[in-house]
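Chemist: Before anything else, here's the structure in question.
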Ligand SMILES: Cc1ncc(C[n+]2csc(CCOP(=O)(O)OP(=O)(O)O)c2C)c(N)n1
Ligand code: SF4
Ligand code: SF4
Ligand code: SF4
Ligand SMILES: [Mg+2]
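Residue numbers (our numbering), protein chains in the order written: chain G, 430 to 744; chain F, 166 to 263; chain X, 22 to 415.
The following block contains the structure:
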């Protein structure tokens, strides 16, 4: 496995393969996620993004922020579009027309992953294509104006699940995309956060060293949709991790491991409070929602810990 | 990079100048500006890592300031800067609007 | 001497695929195309080709994979039918808009609902505005020949557009016909090596595919795409004459059959042309001056040449195996558009036949010919649009 240094003093000497001049909002988490992931990879990368914020802001008109080969074809098919590229790579390698080593990475939003892109993603995972699929999860369809997605957290007010007087925001839970991916029995699945950059980059580095399909779900703060502050992408993702809203773990060859355990598990309200999309949860009449949110998180966290303990004990 | 004239021979939505977005100066979007105080810098390089716009300039492992051509003024670098002895090395100030 | 072989249409195209041995083939099973890809999968399994097969989970993914593979920088082929083509719809426009020279066999099938697996042309007609070049084929021989020529047209440096080769589901795909295969080496030499353009897999020269194009350029992109289509006529003819040299078989943009001295004519696509030609021969023996025009290149459409071939007629009946509900059917619309600029032009009829695999029989052709004769002799007035070959219920 590649073990080139992930120390910042070494990373600063690397070319960042995403150029400035991209049109993401100031302080966008997606840019940070892509930057960290690319820094963690040494090989040439061929990338693909579905329609969404990252795509429309990095490749527009005659201008591209990508310094690597990159393709966008539509919204629901990033995994299979890149699998097509990867298959052509194998075909041309077999026929002696390409010799260079390279790695294939999808950078897709949660809508393009959890929802409309799930079928093609599942097919790619099942067929075992050699690529890494990174979902930058900002928990809504941001590019089209913050509509709810299958990744939108319980309680969040979005433009299609607004907190009104009759319905207090999104009442359904998030899909557990990491478990869905793990159920494909692929060699590597993980969840990461830009607040824990070393953990994130180690996961990406490990993923690209493994052949076959890999999936990493990465929290990607969007202060526009989350209605928080432009400077809080890192602070808020740290709160997501330390409240266990966003547990950091990996599943390697079926074996689950928590890669970070918060020293002190904070109440989820600490993560929700700075975000306007959850403001209504702090009204007295919605106290039950806050309690529900906490219960869900406690249950997921307990389940993850139990799984890890069970696997560690040899089961 | 010029906006190309779309003809029979150029009508393919493919861009062959990697990273040419750099001609687009997003610094113009900024209303707040980061200011660097080298004396308080511990060279942790977190600001370089976190900046979504590749606008933190580092030479020989040392933070040296900002590329204001692209810095959108989000303030992440300032918020996350650990600085030295309780003093941050980055602060955000209002951009002068002439 | 030519070696004639009895095969089905699907076998013929699977054989063409074997001879061409594309780099990547992504497909999803759907009747009546399935058996073509099954046959090709056998060739892969037995090592007769070294194509990378992608057996994806839907036609939308098949076309998406073809686009990725084509942008990657190699030769790509696929096949589908009816609902499969309909599911690809969004990606068809992406394939042509991104200038991916993909070749696809379309084994024509009706669209749901109601569910029906048999032949009509609703699938390909629904894709006629997608920016794909369309070649239509009367029988297995023409489908095979078109399929081989399709790669040369698609990959021509001035074109670089996807091509669909249509043949009738079941009627051609599953019935045995006698045909002449070209030798493997002849096909390979004719098709030649694939020349990549803007290959995504060239990591030394990174390119970005698929930018957001806003109002300042999109309109021009589409105009330019239309201009490329204008170049397709000459390329298709040049490829056909090279192919004639190779095979002895001659193909134009459309086929004119006994039209020169005709008074009335039929326009029809694909397999029904065969039945029509037989009945035309019989009618000719009885002194009826009838001919036929069978488009081969439907996109782009050769309007002026078609008008030249038809304008001297008194009545033309356009037979459509698909419909536009509440409107004239697609082939009729093209023929009407061809003839409109001509001062002298025939009376035009639109007859819908054979939907969902309804048999198209000699008596249907006879009835059409009789109707046109009656219109010429003013015994009856012309009804613009009608369904023929309807069943009578008592
Ligand atoms: C087939 C199709 N349906 C809908 C859309 C509209 N659309 C474009 S991007 C988008 C949302 C993207 O959300 P996500 O994948 O989460 O990425 P984000 O913008 O949040 O980064 C939607 C709904 C589309 N482009 N194509
Ligand atoms: S809307 Fe959100 S995800 Fe989209 S560019 Fe802006 S900050 Fe990033
Ligand atoms: S303010 Fe934001 S864009 Fe500017 S240098 Fe700091 S992190 Fe980068
Ligand atoms: S974050 Fe602050 S202390 Fe660290 S390198 Fe940047 S300016 Fe210096
Ligand atoms: Mg999103």
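We put the beta carbon where it would ideally sit given N, CA and C, even for glycine.
None of these values were measured; they are calculated from a predicted model.
Is it buried or exposed for residue 431 of chain G, if we count other Cβ within 10 angstroms and need 16 for buried?
Modeler: Annotation note: pLDDT 49 at residue 431 of chain G (below 50); position unreliable, no value reported.
Chemist: What residues in the region 180-191 of chain F have a beta carbon less than 7 Å from any beta carbon of chain X?
Modeler: If the cut-off is 7 Å between Cβ atoms, the region 180-191 of chain F has 180, 181, 183 near chain X.
Chemist: According to DSSP, simplified to helix, strand and coil, what is residue 408 of chain X?
Modeler: Residue 408 of chain X: strand per DSSP, three-state reduction.
Chemist: Helix, strand or coil for residue 229 of chain X, going by three-state DSSP, please let me know.
Modeler: Residue state, collapsed to three classes: strand.
Chemist: By alpha-carbon positions, which one of F:183, F:248, F:242 ends up nearest to residue 257 of chain F?
Modeler: Nearest option by C-alpha distance: F:242.
Chemist: Is it right to say residue 581 of chain G is buried, meaning 16 or more other beta carbons lie within 10 angstroms of its own, or is it exposed?
Modeler: Residue 581 of chain G should be labelled buried.
Chemist: Is it buried or exposed for residue 13 of chain X, if we count other Cβ within 10 angstroms and need 16 for buried?
Modeler: This structure cannot speak to residue 13 of chain X, because chain X is shown only from 22 to 415.
Chemist: CB residue 650 of chain G to CB residue 662 of chain G, shorter than 8 Å?
Modeler: Yes, the Cβ-Cβ distance between residue 650 of chain G and residue 662 of chain G is below 8 Å.
Chemist: Sorted by chain position, which residues of the same chain lie with C-beta nearer than 8 Å to residue 404 of chain X's C-beta, five sequence neighbours on each side aside?
Modeler: These residues qualify, in order along the chain: 370.
Chemist: Can you tell me whether residue 209 of chain F sits near ligand 3, meaning its C-beta is under 7 Å from at least one heavy atom of the ligand?
Modeler: Result no, Cβ not under 7 Å from ligand 3.
Chemist: Suppose you measure from the CA of residue 401 of chain X to the CA of residue 310 of chain X; what does that come to, to the nearest Å?
Modeler: Residue 401 of chain X and residue 310 of chain X: Cα-Cα distance of roughly 18 Å.
Chemist: Taking the alpha helix (DSSP H) that residue 379 of chain G falls in, what are its first and last residues?
Modeler: What is shown of chain G runs 430 to 744, which leaves residue 379 of chain G out entirely.
Chemist: Where does the unbroken alpha helix (DSSP H) through residue 247 of chain X begin, and where does it stop?
Modeler: First-last of the alpha helix (DSSP H) with residue 247 of chain X: 239-268.
Chemist: Could you check the C-alpha separation between residue 406 of chain X and residue 233 of chain X for me, to the nearest Å?
Modeler: In a straight line, the C-alpha of residue 406 of chain X is about 43 Å away from that of residue 233 of chain X.
Chemist: When you compare the CB positions of residue 497 of chain G and residue 446 of chain G, do they come within less than 8 Å of one another, or not?
Modeler: Yes, they are a contact pair.
Chemist: When DSSP labels each residue in this structure, what does residue 499 of chain G get in the three-state scheme?
Modeler: Looking at residue 499 of chain G - three-state DSSP - the assignment turns out to be strand.
Chemist: From what residue to what residue does the alpha helix (DSSP H) around residue 516 of chain G run?
Modeler: Counting along the chain, the alpha helix (DSSP H) containing residue 516 of chain G begins and ends at 507-523.
Chemist: Take residue 414 of chain G and list the residues in its own chain whose beta-carbon comes closer than 6 Å to its own, dropping the five residues that flank it on each side.
Modeler: Nothing can be reported for residue 414 of chain G: it is not among the residues displayed for chain G, which extend from 430 to 744.
Chemist: Consult DSSP for residue 430 of chain G and reduce its assignment to one of helix, strand or coil.
Modeler: Legend: pLDDT at residue 430 of chain G = 47, less than 50; position of this residue unreliable, no value from coordinates given.
Chemist: Determine the direct distance from the alpha carbon of residue 385 of chain X to that of residue 298 of chain X, and round the result to whole angstroms.
Modeler: So the two alpha carbons sit approximately 13 Å from each other.
Chemist: Express the C-alpha separation of residue 186 of chain X and residue 29 of chain X in angstroms, rounding to a whole number.
Modeler: Using only the alpha carbons, I get a separation of about 16 Å.
Chemist: Just grab the DSSP bridge partners of residue 374 of chain G for me.
Modeler: Beyond the ends of chain G as shown, which are 430 and 744, falls residue 374 of chain G; an answer cannot be given.
Chemist: If you measure from each residue's Cβ to the nearest non-hydrogen atom of ligand 6, which ones come out under 7 Å, in chain order?
Modeler: Inclusion of ligand 6 in the displayed structure is not the case, the ligand content consisting of ligand 1, ligand 2, ligand 3, ligand 4 and ligand 5 alone.
Chemist: Could you spell out the range, first to last residue, of the beta strand (DSSP E) harbouring residue 230 of chain F?
Modeler: It spans 227-231 - the beta strand (DSSP E) in which residue 230 of chain F sits, taken as one unbroken run.
Chemist: Which residues, in chain order, does the region 246-257 of chain F contribute to contact with chain G at a C-beta distance below 9 Å?
Modeler: If the cut-off is 9 Å between Cβ atoms, the region 246-257 of chain F has 257 near chain G.
Chemist: Is residue 168 of chain F close to chain G, meaning its C-beta is less than 8 Å from at least one C-beta of that chain?
Modeler: So, interface residue.
Chemist: With a CB to CB cut of under 8 Å and the five nearest residues on each side skipped, what residues in its chain are close to residue 733 of chain G?
Modeler: Taken in chain order, the residues that qualify are 676, 678, 685, 687.
Chemist: Which residues of chain F have a Cβ atom closer than 9 Å to the Cβ of residue 120 of chain X, listed in chain order?
Modeler: Simply 176, 177, 178, 179.
Chemist: With 8 Å as the C-beta to C-beta threshold (strictly closer), list the residues of the region 224-242 of chain F near chain G in chain order.
Modeler: Within the region 224-242 of chain F, the qualifying residues are 226, 232, 234, 235, 237, 238, 239, 240, 241.
Chemist: Go through its chain and collect everything with a Cβ distance to residue 149 of chain X's Cβ below 8 Å, but skip five positions before and after it.
Modeler: The residues are 155, 319, 320, 351.
Chemist: Can you tell me which of the three DSSP states residue 78 of chain X falls into?
Modeler: Three-state result, residue 78 of chain X: coil.
Chemist: Taking residue 198 of chain F as the query, report the chain X residues whose CB atoms sit under 7 Å from its CB, ordered along the chain.
Modeler: Here the premise fails: no neighbours, minimum Cβ distance about 29 Å.
Chemist: Can you confirm whether residue 232 of chain X, when its beta carbon is compared against all beta carbons of chain G, has any partner nearer than 8 Å?
Modeler: Residue 232 of chain X counts as touching chain G.
Chemist: Using a C-beta cutoff of 8 Å, does residue 220 of chain F count as contacting chain G?
Modeler: Judged by the 8 Å Cβ criterion, residue 220 of chain F is in contact with chain G.
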